[in-house]
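Count the sequence shown with our numbering and you get residues 96 to 167, in order. All C-beta atoms, glycine included, are put in the ideal place defined by N, C-alpha and C. Below is one structure, written out as structure tokens, with a few remarks after it.
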Amino acid sequence: MIATEPPDDPYEGLPIAARELIEKGRRKGFLSFAEMQRDLAEELIAAELIDRILMLLEELGIELLDESEAVE
96 MIATEPPDDP
106 YEGLPIAARE
116 LIEKGRRKGF
126 LSFAEMQRDL
136 AEELIAAELI
146 DRILMLLEEL
156 GIELLDESEA
166 VE
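And the structure:
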């Protein structure tokens, strides 16, 4: 039997604020656009990182909703 390496860390290279946002989405099952803007506002995040965050949210089954849809 051949040993395999564990999968790469999907959060590798992401700012802490982005990791925390994704974890919040995992707990709730969704995030609002307003939460994303608010939680990442202090971070200077490149467009490619935003794309990566959006892809991770999709892979994890986390919906991104309008504020009106995101009733907590």
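| field | Residue nearest to Pro110 in terms of C-alpha spacing, selected from Asp161, Glu158, Arg147, Glu162 | value | In the sequence shown, the residue the question calls residue 110 occupies position 15. Nearest option by C-alpha distance: Arg147.
| query | DSSP state of Leu149, grouped into three classes? | reply | Your numbering for residue 149 matches position 54 in the sequence shown. In the structure shown, Leu149 sits in a helix (DSSP, three-state: H, G or I).
| said: Let me make sure I understand the geometry here. Which of Gly120, Glu130, Leu116, Arg121 has the alpha-carbon closest to that of Glu162? | reply: As a first step, residue 162 must be located in the sequence shown, where it is residue number 67. When each option's Cα is compared against that of Glu162, the closest is Glu130.
| said: What does the Cβ neighbour count give for Ala142, buried or exposed, with the cut at 16 atoms within 10 Å? | reply: Here residue 142 corresponds to residue number 47 of the sequence shown, with the count starting at 1. Counting Cβ neighbours within 10 Å, Ala142 comes out exposed, since fewer than 16 surround it.
| message | Rounded to the nearest angstrom, what separates Asp103 and Arg121 at their Cα positions? | response | Residue 103 sits at position 8 when you count from the first residue of the sequence shown. Residue 121 sits at position 26 when you count from the first residue of the sequence shown. Distance between the alpha carbons of Asp103 and Arg121: 19 Å.
| Glu113: buried (16+ other C-beta within 10 angstroms of its C-beta) or exposed? | Here residue 113 corresponds to residue number 18 of the sequence shown, with the count starting at 1. Per the sequence shown, the amino acid found at residue 113 is Ala instead of Glu. With 16 or more other Cβ atoms within 10 Å, it is buried.
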